[in-house]
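Since the structure comes first, as structure tokens, the remarks are kept for the end.
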Amino acid sequence: MLQFNKDGNNLFKKRWLLAFSFFCFINASAFAQELFSFTEPASNMSAKSMGLRMNVNYMKGFQRDKNSLYISPEIMIGISRKIMIHGETFFSNQQQQFQFKGASFYAKYRLFSIDDVHSHFRMAAFGRVASNNSPMHSTAIVLNGSTAGVESGLVATKLLNKVAMSSSFSFVHSFSSPSLNSPNEIHNHLLLPNQKNAVNYTLSIGKLMLPKHYVNYNQVNVNGMLELLGQTNLGLEESYIDIAPSVQFIFKSKMRIDLGYSTPLVSDLTRVNSTGFLLRFEFNLFNIFN
Amino acid sequence: MKIIASFLFVFLVSLSFGQIKKVNLQASGLTCSMCSNAINKALKTIDYIAAVDANIEHSTFEITFKPNAVVNFDELKKKVEGAGFFVAKMTFTLMVDQLDLYNDKHSDLNGTMFHFLNVGNHKITGENTFQILDKGYVTAKEFKKNSKYTTMPCYQTGLMGVCCKNKEKSVGTRIYHVTI
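Protein chains in written order, with the numbering used here: chain A, 1 to 290; chain B, 1001 to 1180.
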């Protein structure tokens, strides 16, 4: 069983401080696209509209020949101007054969909004519940395809002209524990109740690179983004923080392709896959529920 | 007393009030073309709109209407808000043969109630553009700033109060506060 120690406590405090700083930084910064590749912004999609996504992750495995492909079809619905929901299913070849892994439901409620021409500051509350039918192989609680659990938190987004900045902070709870055939021997144990809880924190910055001037809706938009995605386990005193650069293309002001790469800056929590590529297709259908 | 007060506040002007030619609105809270398109598509779901000409860079939308359309400004605003944004400015252009403007008074124009603010008392003719000053039609800062032009409670609510009802319109009727 993992034990607390003095160094671990100090490290844990430092990481809490880092996590808290991420969330506070957004409130001290005046910073377009508020569409991020690895995180959700505080803004919602248009009411009575639907978005369809196909998320493809190609992740490096522990062993060279064990790279994994994850495919996650996703549907997003704008219920009203304040509420939107996502439904997502997960498939992967992580266990040799390509198979269904689980599903998640996500909802977001826009709490607060200060808008001005070409700028806004918004805050939203969000929650996610995820199922997973395969053994948990990591101590990281990854709800999009690897762990069954729940998550709840806040996200704040600041948009100013061509730059958007977003930060989120959430609590996540795992329903399961790592299995005995965990790839990392040190974590061959059942998690204690408090080790099933973690905090997630993210910081995202995006900038509209092209076009320099808008003329019509058919121009291709190119956004460049840099995101930091972190998790600290409340019981294990361990964390990961990934850095995730991405580029996003928007076609005809309704289709989106994201190309991203994520790799750990800090990686104490074990994960089956931590480095890899993201390819996402998104198509938006406006006002289909009118 | 109430009747006298109502009579004093409400001026029914004689005029030839033409159809609204166009509405120009500026939305707030967006910069990207996909966001602009969300507003553009939402506006186009209104059946009496003939065309929407969007300027993505300035977040403005020029809306023209089908013949004999009865324009509901609140419906336009609701569409912008449904797309996830807000109205920062909305103006409408109409042709009038003659219209007597009375500052800080109510006028019934073809069944829609208007409250003119900061206009002075004068006659207007021809094509004129009016700006709506109600809550949600200007920025919060501007709304507060414009409150100096009237002391009537309808400015805060957008609805006719006990003070300003008349024989034709009851308390609670929508009233738009506009300037020229």
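By construction, the Cβ of each residue, glycine as well, lies at the ideal position given by its N, Cα and C atoms.
Taking the straight line between their C-alpha atoms, what separation do you get for Ile77 (chain A) and Met84 (chain A)? Taking the first sequence and counting its residues from 1, the one referred to as residue 77 (chain A) is at position 77. Taking the first sequence and counting its residues from 1, the one referred to as residue 84 (chain A) is at position 84. Taking the straight line joining both Cα atoms gives about 6 Å.
Between B:Ala1042, B:Asn1037 and B:Thr1173, which lies nearest to Phe1114 (chain B) when the distance is taken from Cα to Cα? By one-based count along the second sequence, residue 1114 (chain B) stands at place 114. With distances taken between Cα atoms, Phe1114 (chain B) lies closest to B:Thr1173.
What is the DSSP secondary structure of Ala1042 (chain B), counted as helix, strand or coil? Within the second sequence, numbered from 1, the residue matching residue 1042 (chain B) stands at position 42. Helix.
Cutoff 8 Å; reference Phe286 (chain A); Cβ partners in own chain excluding five residues on either side: Numbered from 1 along the first sequence, position 286 holds the residue referred to as residue 286 (chain A). Same-chain partners within the cutoff: Ser46, Ser49 and Lys254.
Closest Cα partner of Leu278 (chain A) within the set A:Ser113, A:Ser239 and A:Ser262: Locating residue 278 (chain A) in the first sequence gives position 278, counting from the first residue. If we check each option's Cα against that of Leu278 (chain A), A:Ser262 comes out closest.
Which chain B residues sit within Cβ distance under 7 Å of Leu159 (chain A)? Locating residue 159 (chain A) in the first sequence gives position 159, where the first residue counts as 1. Here the neighbours are Thr1031.
In chain order, which beta strand (DSSP E) runs of at least 3 residues are fully inside the region 1117–1154 of chain B? 1122–1132
If you pair each beta-carbon of the region 1088–1097 of chain B with each one of the region 241–250 of chain A, do three or more pairs fall below 8 Å? no
In angstroms, rounded to a whole number, what distance separates the CA positions of Val220 (chain A) and Ala1027 (chain B)? Sequence index remark: in the first sequence, residue 220 (chain A) carries index 220 (1-based). Sequence index remark: in the second sequence, residue 1027 (chain B) carries index 27 (1-based). When only Cα atoms are considered, Val220 (chain A) and Ala1027 (chain B) end up about 22 Å apart.
Endpoints, the beta strand (DSSP E) within which Asp1053 (chain B) is located: Working through the second sequence from its first residue, we reach residue 1053 (chain B) at position 53. Per DSSP, Asp1053 (chain B) belongs to the beta strand (DSSP E) from Ile1049 to Asn1055.
Taking only beta-carbon positions, decide if Leu208 (chain A) is within less than 8 Å of chain B. As a first step, residue 208 (chain A) is located in the first sequence; it is residue number 208 there, counting from the start. Leu208 (chain A) counts as touching chain B.
Between the Cα of Lys1022 (chain B) and those of B:Met1034, B:Phe1130 and B:Thr1031, spot the shortest distance and give me the residue it belongs to. As a working mapping, residue 1022 (chain B) is identified with position 22 in the second sequence. With distances taken between Cα atoms, Lys1022 (chain B) lies closest to B:Phe1130.
Taking Gly230 (chain A) as part of the alpha helix (DSSP H), name the residues at either end of that continuous run. The count along the first sequence starts at 1 and reaches residue 230 (chain A) at position 230. Premise fails: Gly230 (chain A) lies in the beta strand (DSSP E), Asn221 to Asn233, not in any alpha helix (DSSP H).
Measuring CA to CA, which of B:Gly1082, B:Asn1103 and B:Gly1084 is closest to Thr1151 (chain B)? For the purposes of this step, residue 1151 (chain B) is identified with residue 151 of the second sequence, where counting begins at 1. Of the candidates B:Gly1082, B:Asn1103 and B:Gly1084, the one whose C-alpha sits nearest the C-alpha of Thr1151 (chain B) is B:Asn1103.
For Gln248 (chain A) and chain B, any beta-carbon pair shorter than 8 Å? The count along the first sequence starts at 1 and reaches residue 248 (chain A) at position 248. Taking Cβ atoms only, chain B never reaches closer than 8 Å to Gln248 (chain A), which makes this a no.
Span of the beta strand (DSSP E), counted from its first residue to its last, around Leu160 (chain A): As a first step, residue 160 (chain A) must be located in the first sequence, where it is residue number 160. Looking at the DSSP string, the run of the beta strand (DSSP E) that includes Leu160 (chain A) is Gly149 to Leu160.
Alpha carbon to alpha carbon, how far is Asn284 (chain A) from Leu1076 (chain B)? Give it in angstroms, no decimals. Against the second sequence, residue 1076 (chain B) aligns to sequence position 76. Against the first sequence, residue 284 (chain A) aligns to sequence position 284. So the two alpha carbons sit approximately 22 Å from each other.
Going by the CB atoms, is the gap between Lys101 (chain A) and Asn57 (chain A) shorter than 8 Å? Looking up residue 57 (chain A) in the first sequence gives position 57. Looking up residue 101 (chain A) in the first sequence gives position 101. No, the Cβ-Cβ distance between Asn57 (chain A) and Lys101 (chain A) is not below 8 Å.
Any idea what DSSP makes of Met165 (chain A), helix, strand or coil? For the purposes of this step, residue 165 (chain A) is identified with residue 165 of the first sequence, where counting begins at 1. Met165 (chain A) falls in the strand class under three-state DSSP.
Do Asn1037 (chain B) and Tyr214 (chain A) have their CB atoms nearer than 8 Å? As a position in the second sequence, residue 1037 (chain B) is number 37, starting the count at 1. As a position in the first sequence, residue 214 (chain A) is number 214, starting the count at 1. Not in contact: Asn1037 (chain B) and Tyr214 (chain A) (Cβ atoms no closer than 8 Å).
Within-8 Å CB hit, His118 (chain A) to chain B: For the purposes of this step, residue 118 (chain A) is taken as the residue at position 118 of the first sequence. For His118 (chain A), the answer is yes, since a Cβ of chain B falls inside 8 Å of its Cβ.
So is Ala1050 (chain B) in contact with chain A if we call contact Cβ pairs under 8 Å? Translated into positions along the second sequence, residue 1050 (chain B) becomes position 50. Chain A has no Cβ within less than 8 Å of the Cβ of Ala1050 (chain B).
Beta strand (DSSP E) runs contained entirely in the region 47–83 of chain A, provided each spans 3 or more residues: Segments of the beta strand (DSSP E) lying fully in the region 47–83 of chain A: 50–59 and 68–78.
Quick check: the Cα distance between Phe1143 (chain B) and Asn161 (chain A), rounded to an integer number of angstroms? The residue you call residue 1143 (chain B) lines up with position 143 of the second sequence. The residue you call residue 161 (chain A) lines up with position 161 of the first sequence. Spanning the two alpha carbons is a distance of roughly 23 Å.
Determine, for Ser1059 (chain B), whether the minimum Cβ-Cβ distance to residues of chain A falls below 8 Å. Position 59 of the second sequence, counted from the start, is the residue given in the question as residue 1059 (chain B). Yes, Ser1059 (chain B) lies at the interface with chain A (some Cβ there is under 8 Å from its Cβ).
Assign Ser1147 (chain B) to buried or exposed, taking buried as 16 or more other Cβ atoms, counted over all protein chains shown, within 10 Å of its Cβ. Position 147 of the second sequence holds residue 1147 (chain B). Label assigned to Ser1147 (chain B): exposed.
To which residues of the same chain is Phe1061 (chain B) closer than 6 Å at the C-beta, ignoring the five residues directly before and after it? Residue 1061 (chain B) sits at position 61 when you count from the first residue of the second sequence. Result list for Phe1061 (chain B): Leu1025, Val1052 and Ala1054, in chain order.
Reduced DSSP category for Leu265 (chain A) - H, G, I as helix; E, B as strand; rest coil: Working through the first sequence from its first residue, we reach residue 265 (chain A) at position 265. Annotated three-state conformation of Leu265 (chain A) is strand, per DSSP.
Span of the beta strand (DSSP E), counted from its first residue to its last, around Lys101 (chain A): Here the question's residue 101 (chain A) lines up with position 101 in the first sequence. Residues Gln99 to Asp116.
Suppose you measure from the CA of Tyr1048 (chain B) to the CA of Asp1097 (chain B); what does that come to, to the nearest Å? The count along the second sequence starts at 1 and reaches residue 1048 (chain B) at position 48. The count along the second sequence starts at 1 and reaches residue 1097 (chain B) at position 97. About 24 Å.
What in chain A is Cβ-close to Phe1085 (chain B), meaning under 7 Å? As a first step, residue 1085 (chain B) must be located in the second sequence, where it is residue number 85. Chain A residues near Phe1085 (chain B): Asp115.
Sufficient close CB pairs (3 or more, under 8 Å) joining the region 191–209 of chain A to the region 231–238 of chain A: yes
Under the assumption that Ala1050 (chain B) contacts Ala1083 (chain B) (Cβ atoms under 8 Å), give the Cβ distance between them as a whole number of angstroms. Translated into the one-based positions of the second sequence, residue 1050 (chain B) becomes position 50. Translated into the one-based positions of the second sequence, residue 1083 (chain B) becomes position 83. Not quite, the Cβ-Cβ distance comes to about 20 Å (not below 8 Å), so this is no contact.
Please check the pair Ser92 (chain A) and Tyr70 (chain A), which I expect to be a contact at CB under 8 Å, by giving their CB distance rounded to whole angstroms. For this step, residue 92 (chain A) is matched to residue 92 along the first sequence. For this step, residue 70 (chain A) is matched to residue 70 along the first sequence. Confirmed, Cβ separation roughly 4 Å.
My assumption, with CB atoms under 8 Å, is that Gln94 (chain A) sits in contact with Ser68 (chain A). Please give the rounded CB distance. Taking the first sequence and counting its residues from 1, one reaches residue 94 (chain A) at position 94. Taking the first sequence and counting its residues from 1, one reaches residue 68 (chain A) at position 68. Between Ser68 (chain A) and Gln94 (chain A) the Cβ distance is about 5 Å, and since that is below 8 Å, they are a contact.
C-beta atoms of Arg122 (chain A) and Ser134 (chain A) nearer than 8 Å: The sequence position of residue 122 (chain A) within the first sequence is 122, counting from 1. The sequence position of residue 134 (chain A) within the first sequence is 134, counting from 1. In this structure, Ser134 (chain A) does not lie closer than 8 Å to Arg122 (chain A) by Cβ.
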